[in-house]
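In my numbering, the protein residues as written are 51 to 345. Idealized CB from N, CA, C, for every residue including glycine. Just below is one structure, and these are the notes that go with it.
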């Protein structure tokens with residue numbers, strides 16, 4: 051392949067973003083046949099399948115790398131336009147962030163980036179494994195996740211952010227009913243827990259109570275676990291300290307195992323793309339985490 055057709059890359063990006071040829075055509079203001087022709091021409095030029103046709107249409111590995119390349123080029127072009135004093139359309143930057151960070155400290159760092167708007171952020175919630183997969187394949191510029199704390203060869207740069215602390219909490223009514231004799235193994239075998247990370251709760255119960263094997267629990271996303279189950283006296287659970295500190299202070303919740311907690315080290319994984327937007331984004335995320343997470 052001698053050179054890339056960036057008009058065709060724009061179409062490829064649209065198909066991946068929109069999930070179908072029809073929606074890409076609508077977004078770009080061209081016919082669906084024109085979309086198909088440009089994708090076919092790009093596939094002929096590369097000699098590889100780039101889009102797996104289906105509902106939705108999804109990129110192959112090479113297709114995703116070409117989309118990532120196109121988005122990085124657009125970011126660098128926007129930075130060059132600023133240097134030249136040209137009118138700049140806000141570049142798009144995709145991120146993946148864990149649920150606990152989205153519910154606590156991460157939104158605190160958005161104002162300097164979005165007011166006034168400097169970029170178009172596309173943030174998706176992702177588990178650690180999914181977030182690391184997305185950043186490694188180039189689907190997102192960066193991610194906040196647990197995982198490796200050292201930069202791997204040919205991989206995204208890794209910057210430690212701090213530790214997210216989880217504490218085991220319940221309402222007083224729930225604690226009095228299920229744990230009247232304290233947080234003991236016999237009660238934990240009967241009391242319903244709510245979990246968004248099964249391994250975390252299983253490890254906590256093993257560490258604190260030496261409980262092995264099954265225990266009664268509901269599995270829900272973090273937001274539902276917090277607002278409905280725990281605060282609604284339907285279950286106990288491990289929740290981020292930042293989410294429950296106020297409720298612990300005013301006795302709406304109690305710490306079932308004082309002195310015991312789970313600390314999860316978080317890292318910022320991001321590709322080394324040196325533009326004003328990506329540099330400001332990385333600096334802001336790291337600085338916000340340093341203010342809110344434990345060192």
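Put simply, the region 284–293 touches the region 138–157. At least three CB pairs are less than 8 Å apart. By alpha-carbon distance to residue 63, the top candidate from 53, 123, 260 is 123. Considered as a whole, the region 276–312 harbours 287–290 as its complete beta strand (DSSP E) runs of no fewer than 3 residues, in chain order.
Annotation note: the region 73–126 contains the following uninterrupted alpha helix (DSSP H) runs of length 4 or greater, listed N- to C-terminal: 82–96. Taken through DSSP and simplified to helix, strand or coil, residue 69 comes out as coil.
Looking at the DSSP output, residue 317 sits in a beta bridge with 195, 210. Scanning 97, 166, 219 for the CA closest to the CA of residue 327 turns up 166.
Around the C-beta of residue 226, fewer than 16 other C-beta atoms lie within 10 Å, and the residue is accordingly described as exposed. Looking at the DSSP output, residue 235 bridges to nothing.
Here residue 88 is not near residue 108, since their CB atoms are 8 Å or more apart. For residue 336, no beta strand (DSSP E) encloses it; the enclosing alpha helix (DSSP H) starts and ends at 326–342.
Around the CB of residue 335, 16 or more other CB atoms lie within 10 Å, so the residue is classed as buried. Between residue 181 and residue 146, the gap from beta carbon to beta carbon is short of 8 Å. Ranking 72, 86, 70, 69 by CA distance to the CA of residue 57 puts 86 first. Per DSSP, reduced to three states, the secondary structure at residue 186 is helical. Listed as beta-bridge partners of residue 267 by DSSP are 243.
Inter-segment contact for the region 206–218 and the region 310–322 is present: three or more beta-carbon pairs are separated by less than 8 Å. In the DSSP annotation of this structure, residue 176 is not part of any alpha helix (DSSP H), being labelled neither H nor E.
By the 16-neighbour rule on beta-carbons within 10 angstroms, residue 263 is exposed.
Beta-carbon to beta-carbon, residue 221 and residue 273 are separated by about 17 Å, too far to satisfy the 8 Å threshold. With 16 or more other Cβ atoms from the protein chains shown falling within 10 Å of its own Cβ, residue 100 counts as buried.
By the CB criterion at 8 Å, residue 268 and residue 294 fall outside the cutoff. At least 8 Å separates the beta-carbon of residue 159 from that of residue 325. Residue 260 and residue 235 have their alpha carbons spaced roughly 8 Å apart. Per DSSP, reduced to three states, the secondary structure at residue 161 is helical.
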